[in-house]
Amino acid sequence: MVAQTCSICQAEASKRCGGCHEVYYCGKEHQKLDWLRHRLVCKPFKVCEDEVLGRHLVATRDIKAGEVVLREGPLLQGPSQVTGPVCLGCLQAISQHNSEPCEKCGWPLCRKASCRHSKQHLPECQWTVEKKKIPVKISHFISPHPSYECITALRMCYARDNNPTLWAKLKSLQSHTEDRKDTQKYKEDTRSIAQFLRRFYKIEDEFTDTEIMDIWGVVQVNGHEVPVSHPPHVAIYDLCSMVEHSCHPNCCKSFTNSGGIVLRAVDRIPAGGHLSICYTDSLWGTGNRQYHLSDTKFFSCKCVRCVDPTELGTYFSALICEKSECRGPVLPENLCSVTSDTVWSCARCGLTMTDQQVEDILHQAGNELASLASQEIQASFRFLDHWSSRFHRNHYYLTEVGVALAQRLGQDGIQTLSNQHLLAKTDLCRHLLELLAVIAPGECRLLGLIYFELHAAMAERGRRGLLQGNMDLQQTLLESRSCLDKTIYFLDQEPDLLPEGKVLAQAKVNKAELDKTLQSVLSLTAGIPAM
């Protein structure tokens, strides 16, 4: 074993930092002495690099499930590419009635003083004054508004000559320019972003189309949609941009009220394990996830979920064999393919279907699904009943409807539900939680919300059982309380600006009230002898 030296005095050292396991000290005194410096870089992971993954993050010690792994603010924030007018200080939506032009550049801002003096607004403000030399005039507050498409790209370009440190960090991130060049979107963005930006701000001699499109690729590949503004904005982070993708990730992400990002472990991550998040929608089937990753991130995923045709035994993309005597799961033979020539076959009887046959079924079901949100709840039950004969019960279409239904049932008051619908809500929540624990452990927000719905259903069942005298009230309330504990665990990092943060606050209130109720129940039953 290589002898380690103290980070302060270079003497032989055996005590290492418990936070990162990366630095050593000869004793407590030198660790305390170094803490003001070391705490800025103390993290339970390190940056590694190889030819396949590029830069990625590797755990330097065992990381516990639920542990916050990383908190960081954005390197850069800006409006989404497709957006209506927003305040370029706080990125919140504005109208002609609640905004006023910046006195320097003319871009409309909300009326908060902090936004009028926001450093975030400086790039487009300064370029308008110094390069365009004519104030911007937004007279039509339409959505989407083409003038806002280029703002985030402008802020990145501005950094080249005004913030070299930021520019270096942005340029170190992947842009996949060569992969993007032959796409239709690249051509469209060249016109609407690169050429518009050069012409509008008169920077034809300072940036080429290619240079702007290269830096714009950094946004497309590394940008995160941040939901704490309305509409959501896009942000780029430093270390978080190095977290690799997995459709079965070991970390989940949350955001702070100010747009910072929080990464938390959803499973135990052993020392040497790679940190991962999901770049796509984990509640899509493998074919859709692969297509999205190929189209937007320019790679094909080979994670443990994607290479397994059963998707970890859940049959999340499976159809049901049409033979009445079989009813086995029908799966694609090449689940990672994004082409349209995949053959599907029944795992039980071998019956095959073409990809087009499967697409026709999915298209028909998808059209029906799209209309459910505007229909009465009973339409969702009919959808589940009808399509359960063609799709595996865990299929992503049935799961999507189940998630919506679990939240819609009782939306107008849990006490208004019939006993049948209350039982259906309970069963839906239980099934979804069991499925999500396997297929999407990183969906912490959804897990927290479903646990909250199950809590509400169990509490109401307890109330009705008490009135009817036919239920173990204590056991039912204990299960309801356990659901609140899970809700609080999964939503713990959600900001109070978001609906999930509001559910978190309500869960804490409900837990305190439920504890009082349980105490009363225990007091009432304490003296009752066992039968």
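Count along the sequence shown from 1, then add 13; that gives the number in my numbering.
Even glycine gets a Cβ: it sits at the ideal position worked out from N, Cα and C.
Computed from a predicted structure; not experimentally measured.
Assign residue i to buried or exposed, taking buried as 16 or more other Cβ atoms, counted over all protein chains shown, within 10 Å of its Cβ.
i           : result
residue 336 : exposed
residue 118 : buried
residue 438 : buried
residue 48  : exposed
residue 108 : exposed
residue 296 : buried
residue 141 : buried
residue 126 : exposed
residue 518 : exposed
residue 266 : buried
residue 362 : exposed
residue 165 : buried
residue 147 : exposed
residue 455 : buried
Roughly how many angstroms separate the alpha carbons of residue i and residue j, rounded to a whole number?
i           : j           : result
residue 23  : residue 50  : 16 Å
residue 255 : residue 234 : 11 Å
residue 132 : residue 102 : 8 Å
residue 327 : residue 396 : 20 Å
residue 222 : residue 30  : 48 Å
residue 2   : residue 98  : Absent from the structure is residue 2, since the part of the chain shown begins at 14 and ends at 544.
residue 93  : residue 161 : 8 Å
residue 171 : residue 276 : 29 Å
residue 230 : residue 292 : 16 Å
residue 155 : residue 368 : 41 Å
residue 385 : residue 378 : 11 Å
residue 485 : residue 440 : 18 Å
residue 435 : residue 451 : 25 Å
residue 359 : residue 329 : 15 Å
residue 290 : residue 482 : 48 Å
residue 303 : residue 21  : 49 Å
residue 355 : residue 524 : 50 Å
residue 212 : residue 193 : 23 Å
residue 28  : residue 241 : 42 Å
residue 419 : residue 305 : 27 Å
residue 407 : residue 294 : 16 Å
residue 425 : residue 478 : 21 Å
residue 410 : residue 404 : 8 Å
residue 111 : residue 105 : 11 Å
On the DSSP bridge assignment, give the partners of residue i in chain order.
i           : result
residue 365 : 358
residue 63  : 67
residue 38  : 28
residue 18  : 25
residue 267 : 275
residue 3   : Any question about residue 3 goes unanswered here, given that the chain covers just 14 to 544.
residue 99  : 106
residue 123 : 112
residue 91  : 247
residue 72  : 58
Less than 8 Å between the CB atoms is what I'm expecting for residue i and residue j, so what's the real figure, rounded?
i           : j           : result
residue 169 : residue 216 : At roughly 13 Å, the Cβ-Cβ gap does not stay under 8 Å, so residue 169 and residue 216 are not in contact.
residue 250 : residue 507 : Going by Cβ atoms, the distance from residue 250 to residue 507 rounds to 18 Å, so no, they are not a contact pair.
residue 431 : residue 468 : Wrong, their Cβ atoms sit about 20 Å apart, outside the cutoff.
residue 239 : residue 268 : 6 Å
residue 382 : residue 414 : 6 Å
residue 247 : residue 237 : 7 Å
residue 287 : residue 257 : 6 Å
residue 58  : residue 72  : 5 Å
residue 270 : residue 510 : 5 Å
residue 191 : residue 167 : About 24 Å; that fails the 8 Å criterion.
residue 82  : residue 316 : 19 Å between Cβ atoms; not a contact.
Please name the residue, chosen from the options, that lies closest to residue i on a Cα-to-Cα basis.
i           : options            : result
residue 496 : 480, 477, 455, 521 : 521
residue 372 : 387, 157, 338, 331 : 331
residue 533 : 129, 491, 390, 275 : 491
residue 526 : 488, 126, 472, 159 : 472
residue 375 : 415, 387, 333      : 333
residue 38  : 420, 209, 16       : 16
residue 364 : 100, 342, 377, 417 : 342
residue 150 : 175, 176, 122      : 122
residue 465 : 136, 146, 44, 514  : 514
residue 279 : 80, 41, 409        : 80
residue 394 : 433, 271, 63, 311  : 433
residue 547 : 206, 213, 252, 286 : Since the first and last residues shown for the chain are 14 and 544, residue 547 lies out of range.
residue 502 : 283, 459, 477, 63  : 459
residue 321 : 346, 443, 305      : 346
residue 498 : 476, 480, 509, 462 : 462
residue 210 : 144, 285, 193      : 144
residue 159 : 183, 191, 206      : 206
residue 152 : 181, 113, 136, 183 : 113
residue 199 : 300, 311, 301, 401 : 311
residue 35  : 174, 173, 429, 285 : 285
Is there at least one non-hydrogen atom of the ligand PLP closer than 6 Å to the beta-carbon of residue i?
i           : result
residue 531 : Absence of the ligand PLP is noted for the structure shown, with no ligands found whatsoever.
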